[in-house]
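As structure tokens, the structure follows; a few thoughts come after it.
In full-length UniProt numbering, the protein residues as written are 1 to 151.
Structure follows, in structure tokens:
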């Protein structure tokens, strides 16, 4: 099961970073390369524990849908979402926020299991893990830019 971990230091208050990371509209803005948008469940505003959202995006040239549920919400330090339905066999995405001198350390931990058994493992090795890491880093950098421009 691949685990992708990314840390991003953001020069903004923890509450700002936390709220931006769970804002559906900001999520859409920070994933514009894949044309991601909320099409079901909670489609705007701040996600809360128990919320379900269905995202539609284009990955590898294919329009896909993924439904996620927020299962943990510890404001302003952590929230966790899991895949309910989608292309992965499963995933758990933990978003952590730690107050630092002069800002906030945002830590994304994305644990996933690909479908299709050994074929999925091969896909991870060949391209999927690298793609997912790039996607998470890109989104973190975009969140940093938005948060720092607000501060």
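Virtual Cβ for every residue (Gly too), placed ideally from N, Cα, C.
Where the alpha helix (DSSP H) through residue i begins and ends
| i | result |
| --- | --- |
| residue 133 | 129-150 |
| residue 120 | 117-123 |
| residue 20 | 14-21 |
7 Å CB neighbourhood of residue i in its chain, flanking five on each side removed
| i | result |
| --- | --- |
| residue 75 | 18 |
| residue 57 | 31, 34, 35, 36, 64 |
| residue 103 | 9, 10, 11, 12 |
Same chain only: Cβ atoms within 8 Å of residue i, ignoring 5 sequence neighbours per side
| i | result |
| --- | --- |
| residue 78 | 72, 94, 95, 96, 97 |
| residue 51 | 41, 42, 69, 70 |
| residue 1 | 111, 112, 113 |
| residue 121 | 114 |
6 Å Cβ shell around residue i - same chain, five flanking residues per side excluded
| i | result |
| --- | --- |
| residue 132 | 4 |
| residue 87 | 64 |
| residue 47 | 22, 70 |
Residue i classed as buried or exposed, judged by whether at least 16 other C-beta atoms fall within 10 angstroms
| i | result |
| --- | --- |
| residue 114 | buried |
| residue 45 | exposed |
| residue 35 | exposed |
| residue 106 | buried |
| residue 144 | buried |
| residue 9 | exposed |
| residue 53 | buried |
| residue 39 | exposed |
| residue 14 | buried |
| residue 128 | buried |
| residue 91 | buried |
| residue 126 | exposed |
Rounded Cβ spacing between residue i and residue j (contact assumed at less than 8 Å)
| i | j | result |
| --- | --- | --- |
| residue 11 | residue 99 | The Cβ separation is near 12 Å, so there is no contact. |
| residue 66 | residue 146 | In fact, because the Cβ distance is near 23 Å, the residues do not count as touching under 8 Å. |
| residue 140 | residue 108 | 6 Å |
| residue 150 | residue 16 | 6 Å |
Alpha helix (DSSP H) runs contained entirely in the UniProt domain "Coenzyme Q-binding protein COQ10 START" (10-118), provided each spans 4 or more residues: 14-21, 24-30, all fully within the UniProt domain "Coenzyme Q-binding protein COQ10 START" (10-118).
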